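Remarks on the structure that follows.
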Amino acid sequence: MDPKRIILAVALSLAVLLGWGLLFPTPKQEQSPAPKQQQETAAQHKAGAAAGQPMAQPAEFKPTAGKTITVSTPMYEASFNTNGAVLTNFVLKDFKKTIQPNSPLVDLVGPQAAGKAPLGLILNGKPSWNNAQWSFDGSDATLAGNQTKTLVFTGKVDDLLIERRLTFHAANYLIQEKTRIVNNGPATVDESIQYTTATRSLSAKDNRYNPTRISYYDASGLTEDSSQSDLEEKGLEKQLDSLSWSAIQSNYFIMALIPGSPRTTVKAGIQSDVYRLSVNQQATIGPNRETVLDCGYYIGPCERSQLAKGPKDLRMAVLFGWFDFIAKPLLMAIDWFYKYIPNYGVAIILLTIVIKIIFWPLSHKSYKSMDKMKKLQPMMAKLREKYGDDRQKLNEEVMRLYKTYKVNPAGGCLPMIIQIPVFFGLYKALLGAIELRHAVFIEYLPFTDKLWLADLSAKDPFYITPIVMGATMFLQQRMTPSPGDPTQAKLMLLMPVVFTFIFLNFPSGLVVYWLTNNVLSIAQQWWVLRKA
């Protein structure tokens with residue numbers, strides 16, 4: 000087995016895996032349920048609907064004028080219009096839009112999305128905030144510690160009385176709703192109640208590493224759709240029997256709907272640059288009877304500790320692909336370093352050093368094997384001159400040479416291949432970790448007042464770190480035995496250029512990790528060669 004070919008194959012594989020999403024983003028392909036399946040699911044919904052419970056004696060309904068009610072916690076400030084309990088603002092107190100000192104706080108709703116009535120109820124296709132009279136008896140609320148507060152919004156449309164009880168928690172981003180619907184009419188009604196949310200794009204439109212997407216989690220796992228064109232033109236509609244939650248999310252922020260019933264239809268789309276999402280629940284309510292439905296909302300950052308407090312596997316909203324089981328412990332290690340040295344750039348460097356120490360024996364074995372191969376290069380060159388036209392004989396003589404000098408041609412590659420899952424786990428983690436958002440490493444370019452690595456989730460504005468990283472890759476190649484095949488040699492020389500191009504727009508925190516790993520590898524390789 001030719002070690003140069005293995006090294007080349009590994010390098011090319013890394014380049015393809017890193018660059019594929021950049022150069023050829025894969026469109027999301029969804030399959031709609033077959034008509035028969037749709038009919039069966041609809042039948043299950045109808046069969047599972049209850050006729051309701053005996054009706055409690057309702058208080059006299061008195062509609063009031065709409066006004067704005069604000070709920071303030073240590074984490075956020077939410078504003079509602081009392082006509083329908085529609086969310087008009089949701090400001091996160093710990094997150095700013097940009098790294099500028101005077102930057103406003105992140106508002107996950109804002110004026111544009113507020114016009115699409117996030118958290119509004121839709122009854123049988125009709126918006127309740129426009130087609131019902133509403134009343135509210137309460138005031139603004141300020142919560143602290145472990146306090147909770149329930150606000151009650153009451154509406155009336157035709158013969159239906161709607162009571163929405165929203166419970167807020169000071170210690171997390173979860174909002175819980177109980178929806179009570181009373182049928183005061185003489186006939187049974189079949190109601191489709193859609194819980195909704197809406198937000199503007201949670202990331203820049205051209206950010207392919209952090210797209211705003213529609214996601215949902217059911218028995219088959221996590222499904223995501225980030226195709227903006229599909230969501231604008233066709234939208235998304237899925238009938239599901241085991242839904243845990245559905246959300247509009249980016250790498251850093253999420254607005255999730257958590258219906259009480261797993262049997263639901265998820266609908267989503269983009270209208271006027273606003274992402275809209277709904278989940279429905281069915282209810283059959285007899286005359287003078289009532290029903291109570293549940294829905295939860297999580298509106299806030301994609302902090303793993305907070306998502307873990309949510310119901311129905313909401314923590315699965317943050318996944319790092321195949322290497323999730325490696326990525327999350329590595330992020331926990333970075334957070335641990337950050338507790339003692341509050342700089343995420345330094346924390347990344349320290350973790351890279353620890354990983355390098357753990358893999359030192361494997362890397363040491365790899366570099367020793369490469370050094371042995373380097374010493375055989377002159378003899379292999381003579382063999383190629385002597386048997387260049389006889390490929391079979393050349394291979395036999397090369398294998399005899401390996402045996403004579405006790406060299407394993409794969410010895411330099413296999414230890415490196417074993418480390419690849421860890422490298423990719425950390426790569427995936429740093430690409431999407433909210434910890435790096437607006438995290439400062441070196442705020443200003445030395446001896447200037449220009450912002451440099453002031454946001455580890457953004458690219459290096461001067462491209463210094465990716466260019467230096469490419470230079471370290473080139474230096475590593477110069478220290479590695481060169482392939483005898485001229486074509487392979489040219490491809491190997493091209494790899495630093497390819498990687499530099501790929502890393503130009505990567506988050507600078509990821510580039511810092513890769514650069515640090517390269518520098519440590521060069522130091523270890525130099526030490527091994529010096530000892531030899």
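What the sequence shown shows, in numbering that gives the first Met the number 0, is residues 0 to 531, in sequence order.
Backbone N, C-alpha and C define an ideal beta-carbon position, used for all residues, glycine too.
Because the structure is a prediction, the values reported are computed rather than measured.
| query | result |
| --- | --- |
| Determine the direct distance from the alpha carbon of Asp139 to that of Cys294, and round the result to whole angstroms. | 22 angstroms |
| What's the call for Val331, buried or exposed, on a 16-neighbour Cβ count within 10 Å? | The question names Val, but residue 331 is Met in the sequence shown. Looking at its Cβ environment, which holds fewer than 16 other Cβ atoms inside 10 Å, Met331 is exposed. |
| At what residue ranges does the stretch 300-381 contain a whole run of the alpha helix (DSSP H), taking only runs of 4 or more? | 303-306, 323-339 and 343-357 |
| What ranges does the beta strand (DSSP E) occupy inside the stretch 87-128, keeping only unbroken runs of at least 3 residues that lie completely in it? | 104-106 and 120-122 |
| Rounded to the nearest angstrom, what separates Ser245 and Val105 at their Cα positions? | 22 angstroms |
| Looking at the structure shown, is Met398 part of a helix, part of a strand, or coil, going by DSSP? | helix |
| Give me, in chain order, the residues of the same chain whose beta-carbon lies closer than 7 angstroms to that of Leu329; leave out the 5 immediate sequence neighbours on both sides. | Leu350, Gly424, Leu425 and Ala428 |
| What separation, rounded to the nearest whole angstrom, lies between the Cα atoms of Leu514 and Phe498? | 11 angstroms |
| Buried or exposed, going by whether 16 or more other CB atoms sit within 10 Å of the CB of Met398? | exposed |
| Which word fits Arg477, buried or exposed, when buried means at least 16 other C-beta atoms lie within 10 angstroms of its C-beta? | exposed |
| Is it right to say Arg390 is buried, meaning 16 or more other beta carbons lie within 10 angstroms of its own, or is it exposed? | exposed |
| Taking the alpha-carbon positions, what's the Val317 to Phe505 distance? | 19 angstroms |
| Can you tell me which of Asn250, Ala77, Ser202 and Val291 puts its alpha carbon nearest to the alpha carbon of Leu159? | Val291 |
| Spatial neighbours of Val70 within its chain, please: C-beta separation below 6 angstroms, excluding the five flanking residues on both sides. | Ala77, Ala140 and Phe167 |
| Using the Cβ count rule (16 or more neighbours within 10 Å means buried), how would you classify Asn394? | exposed |
| Quick one: using the 10 Å Cβ neighbour count with 16 as the cut-off for buried, is Pro536 buried or exposed? | This structure cannot speak to residue 536, because the chain is shown only from 0 to 531. |
| Quick one: which unbroken beta strand (DSSP E) runs of 3-plus residues sit fully inside the stretch 410-489? Chain order, please. | 441-443 and 450-452 |
| With which residues is Phe79 paired in a DSSP beta bridge? | Ile68 and Leu86 |
| In chain order, what are the residue ranges of uninterrupted alpha helix (DSSP H) at least 4 long that sit wholly in the stretch 222-291? | 227-232 |
| What's the C-alpha gap between Gln30 and Arg212? | No answer about Gln30 holds up, because its pLDDT of 38 lies below 50 and its placement is not dependable. |
| Taking Leu455 as the reference, which of Phe446, Asn407, Tyr512 and Gly309 has the closest Cα? | Tyr512 |
| In the DSSP assignment, the beta strand (DSSP E) including Arg529 goes from what residue to what residue? | It is not in any beta strand (DSSP E) - Arg529 instead sits in the alpha helix (DSSP H) that spans Ser507 to Lys530. |
| Can you look up Leu493 in the DSSP assignment and give me helix, strand or coil? | helix |
| Start and end of the beta strand (DSSP E) containing Thr153? | Thr147 to Val156 |
| Would you call the stretch 245-256 and the stretch 308-324 in contact, with 3 or more CB pairs under 8 angstroms? | yes |
| According to DSSP, which residues form a beta bridge with Gln175? | Thr166 and Gly295 |
| According to DSSP, simplified to helix, strand and coil, what is Thr211? | coil |
| Considering only DSSP beta bridges, list what Glu190 is partnered with. | Ala282 |
| If you run the structure through DSSP and keep just helix, strand and coil, what is Tyr386? | helix |
| Among Asn123, Gly119, Tyr172 and Gln132, which has the Cα closest to the Cα of Asn145? | Tyr172 |
| Can you list, in chain order, the residues of its chain with a C-beta nearer than 6 angstroms to that of Ser214? Leave out the 5 residues immediately preceding and following it. | Glu223, Ala246 and Gln248 |
| Taking Cβ to Cβ, would you say Gly83 is nearer than 8 angstroms to Ala113? | no |
| So is Ala432 buried or exposed if we call it buried at 16+ other beta carbons inside 10 Å? | buried |
| Are the beta-carbon atoms belonging to Lys148 and Arg164 less than 8 angstroms from one another? | no |
| Taking 8 angstroms as the cut-off, decide whether the C-beta atoms of Tyr274 and Leu430 are in contact. | no |
| Quick check on Gly299: buried or exposed, where buried means 16 or more other Cβ atoms within 10 Å of its Cβ? | buried |
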